[in-house]
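So the sequence lines, in the order shown, correspond to chains A and B. According to this note's numbering, the first sequence holds residues 1 to 332 in order. According to this note's numbering, the second sequence holds residues 1001 to 1144 in order. Data first, discussion second: the structure below is written as structure tokens.
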Amino acid sequence: MTNVLLAASITLASGDVPLLIEKALRQLNCRTFLFPLEEDLPVLDRVQYRNPNDFNRSRFNRRLLKSIKRFQPDILFIYGSNWGIFPKTLQKIKDRTRCKVVVWEENLYYWKWYQCMSFPYYDYFFSTDSYAVPLLSKPSTGLKHVYFLGQGCDPDEHGRVNLSEEDRKRFGADVTFIGGGRPRRRRLFQHLTGYDLKLWGWGWDESGILKPYAIKETVFGLKKTKIYSATPICPNLISGLYQVNGISVRGFEVACCGRLPFCEPREDLKRFFDIGSEVVTFDSPGDLKSKVAYYLSHPDEMERMAERARQRVISEHTYVHRMKELLEIVLT
Amino acid sequence: MSVYLKYRLEKSNIPTGDIRDIRIYAAKEEWIFQDLRAEVVEIFPTANVSSFEKMLDKRCDLVFIPFMSIADTFRYKYSALRAVLKSKPRYIGFYEFSKRHLLIVKRKSLPLFFTGKMIEYVLRFLLRIKNKIPRLKTREMRQK
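And the structure:
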């Protein structure tokens, strides 16, 4: 049995991914210990965490060392980004234990402050964007092993749900988007106002045109699954400035809920889906508008493609698959 | 489906089998109650789930108070805390406080909750004061 200490941030924005990863690791017979990077911290740590500097994060780092001493993990698995573990702490971990330090970088903020200074202490580095892999593999970075590992989903969490009439009324629409109303996204959705459009999240009302479609509610867990299940079209528009080839979890989650993913044409999309038969791509607002019109008038075709995407995701792109791949690389 | 809520309940060592009567604090905005209720019903399908607005009027096994974070402002923090205070102390106890601002109240002891929170608020307040004190830009001053 492999002991894994999972250090991750369980914030609202994380979409519960760390909890789903922990669940997947347990399914693969790993003994897990979740070390939250932000939530569930003791009072003093929580106060200090808001003001990141050497002094404030030192208590947090000491607590991590204590947890590692107590739990004796084989793998220290940092998911998301290394938000608070200093290079000197990682060095101590390397000196005192045989624990392998593995990072699955999702936010792609690795060049900042101590995060890039920690590179020499990472045994394995997994990036959700394939563009970063050749860049980080260069000897000058200090990283030993760099791999690409895409995002995933959990069929239990993002499965199909039975919707009541009330749910259909509340969540149903032609086109839905869940996320912050960033300028790029606002520009795109301004072209879709002719449809029954629902935009969940904050920032959408900054655009006068989109204000009537904005729903200022927090979305996570069961509600997210219900929204995806109630809406035929949920476009995936990535906000991350640093994502070049990668795609976000949204595409996988939408597909897992039995809906056809509409994604931007990114390089990594080809690795996960068969474009044209399992996923629809769009390269401009006009293109998206015409494809939305086409697929809304051809629901059977959309249903068939969505089912293919769902089968693909369940058979290849769950967190269990991702963790299996990761453990195979790390443990062999 | 509700992996987060399950995690919170696990963390607070709440046995799901014993829970029969659950109360959820009804926040000002209906959707907060609706969303939490849907998740609670999924985890406790046989339990009686109802809402309370001002205070708990009868004995129950578990109380949920959503401290929903909306665009980084915690609108319901104080109204929810007031609801906890007004409710009969013997029903209130150890708490689980999370970034998602869900407060799960069990029937144990009250003081831990308020002691912990008070320490946190005082420290935050002191740090805020410290950050507001303008630093002397000595090098710039000397140059002038």
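Where a beta carbon is used, it is the ideal one built from N, C-alpha and C, also for glycine. If you're wondering where the values come from, they're calculated on a predicted model, not measured in any experiment.
Going by DSSP, which residues form a beta bridge with residue i?
{"i": "residue 318 of chain A", "result": "A:153"}
{"i": "residue 3 of chain A", "result": "A:31"}
{"i": "residue 281 of chain A", "result": "A:263"}
{"i": "residue 306 of chain A", "result": "Its beta-bridge partners do not exist; DSSP assigns none."}
{"i": "residue 148 of chain A", "result": "A:127"}
{"i": "residue 326 of chain A", "result": "According to DSSP, which records beta bridges pairwise, residue 326 of chain A is partnered with nothing at all."}
{"i": "residue 1062 of chain B", "result": "B:1022"}
{"i": "residue 76 of chain A", "result": "A:5 and A:101"}
{"i": "residue 275 of chain A", "result": "A:279"}
Span of the alpha helix (DSSP H) holding residue i?
{"i": "residue 297 of chain A", "result": "285-297"}
{"i": "residue 268 of chain A", "result": "No alpha helix (DSSP H) contains residue 268 of chain A, which DSSP labels as neither H nor E."}
{"i": "residue 25 of chain A", "result": "17-27"}
{"i": "residue 1032 of chain B", "result": "1030-1043"}
{"i": "residue 252 of chain A", "result": "249-256"}
{"i": "residue 1003 of chain B", "result": "1003-1011"}
Could you tell me the boundaries of the beta strand (DSSP E) in which residue i lies?
{"i": "residue 104 of chain A", "result": "100-105"}
{"i": "residue 1049 of chain B", "result": "1048-1052"}
{"i": "residue 1023 of chain B", "result": "1021-1025"}
Would you check if the distance between the CB atom of residue i and the CB atom of residue j is smaller than 8 angstroms?
{"i": "residue 36 of chain A", "j": "residue 67 of chain A", "result": "no"}
{"i": "residue 1022 of chain B", "j": "residue 1062 of chain B", "result": "yes"}
{"i": "residue 111 of chain A", "j": "residue 126 of chain A", "result": "no"}
{"i": "residue 5 of chain A", "j": "residue 87 of chain A", "result": "no"}
{"i": "residue 333 of chain A", "j": "residue 150 of chain A", "result": "The requested residue 333 of chain A does not occur in the structure, where chain A is confined to residues 1 to 332."}
{"i": "residue 261 of chain A", "j": "residue 244 of chain A", "result": "no"}
{"i": "residue 204 of chain A", "j": "residue 172 of chain A", "result": "no"}
{"i": "residue 7 of chain A", "j": "residue 119 of chain A", "result": "no"}
{"i": "residue 234 of chain A", "j": "residue 177 of chain A", "result": "yes"}
{"i": "residue 81 of chain A", "j": "residue 109 of chain A", "result": "yes"}
{"i": "residue 79 of chain A", "j": "residue 101 of chain A", "result": "no"}
{"i": "residue 188 of chain A", "j": "residue 288 of chain A", "result": "yes"}
{"i": "residue 64 of chain A", "j": "residue 32 of chain A", "result": "no"}
{"i": "residue 237 of chain A", "j": "residue 267 of chain A", "result": "no"}
{"i": "residue 1011 of chain B", "j": "residue 1043 of chain B", "result": "no"}
{"i": "residue 163 of chain A", "j": "residue 229 of chain A", "result": "yes"}
{"i": "residue 258 of chain A", "j": "residue 310 of chain A", "result": "yes"}
{"i": "residue 215 of chain A", "j": "residue 202 of chain A", "result": "no"}
{"i": "residue 1039 of chain B", "j": "residue 221 of chain A", "result": "yes"}
{"i": "residue 327 of chain A", "j": "residue 28 of chain A", "result": "yes"}
{"i": "residue 129 of chain A", "j": "residue 246 of chain A", "result": "yes"}
{"i": "residue 141 of chain A", "j": "residue 75 of chain A", "result": "no"}
{"i": "residue 124 of chain A", "j": "residue 329 of chain A", "result": "yes"}
{"i": "residue 1026 of chain B", "j": "residue 1052 of chain B", "result": "yes"}
{"i": "residue 312 of chain A", "j": "residue 282 of chain A", "result": "no"}
{"i": "residue 317 of chain A", "j": "residue 252 of chain A", "result": "yes"}
{"i": "residue 223 of chain A", "j": "residue 1035 of chain B", "result": "yes"}
Check the C-beta distance from residue i over to residue j and give it rounded, since I have them as a contact under 8 angstroms.
{"i": "residue 1037 of chain B", "j": "residue 1024 of chain B", "result": "6 angstroms"}
{"i": "residue 219 of chain A", "j": "residue 227 of chain A", "result": "6 angstroms"}
{"i": "residue 277 of chain A", "j": "residue 250 of chain A", "result": "The Cβ separation is near 20 angstroms, so there is no contact."}
{"i": "residue 175 of chain A", "j": "residue 147 of chain A", "result": "Actually they are not in contact, since the Cβ atoms of residue 175 of chain A and residue 147 of chain A sit about 35 angstroms apart, beyond 8 angstroms."}
{"i": "residue 21 of chain A", "j": "residue 323 of chain A", "result": "7 angstroms"}
{"i": "residue 321 of chain A", "j": "residue 152 of chain A", "result": "7 angstroms"}
{"i": "residue 213 of chain A", "j": "residue 231 of chain A", "result": "With a Cβ gap of about 13 angstroms, residue 213 of chain A and residue 231 of chain A do not count as contacting."}
{"i": "residue 319 of chain A", "j": "residue 24 of chain A", "result": "4 angstroms"}
{"i": "residue 97 of chain A", "j": "residue 161 of chain A", "result": "That pair is no contact at about 43 angstroms."}
{"i": "residue 157 of chain A", "j": "residue 1003 of chain B", "result": "6 angstroms"}
Please check if any C-beta of chain E sits within less than 8 angstroms of the C-beta of residue i.
{"i": "residue 163 of chain A", "result": "This model lacks chain E altogether, as its protein chains are A and B."}
To test your reading of the DSSP string, which unbroken beta strand (DSSP E) runs of 3 or more residues are found completely within the region 171-243 of chain A?
175-178, 197-200 and 233-236
Go through the region 81-140 of chain A residue by residue and report every complete run of the beta strand (DSSP E) that reaches 3 residues or more, in order.
100-105 and 124-127
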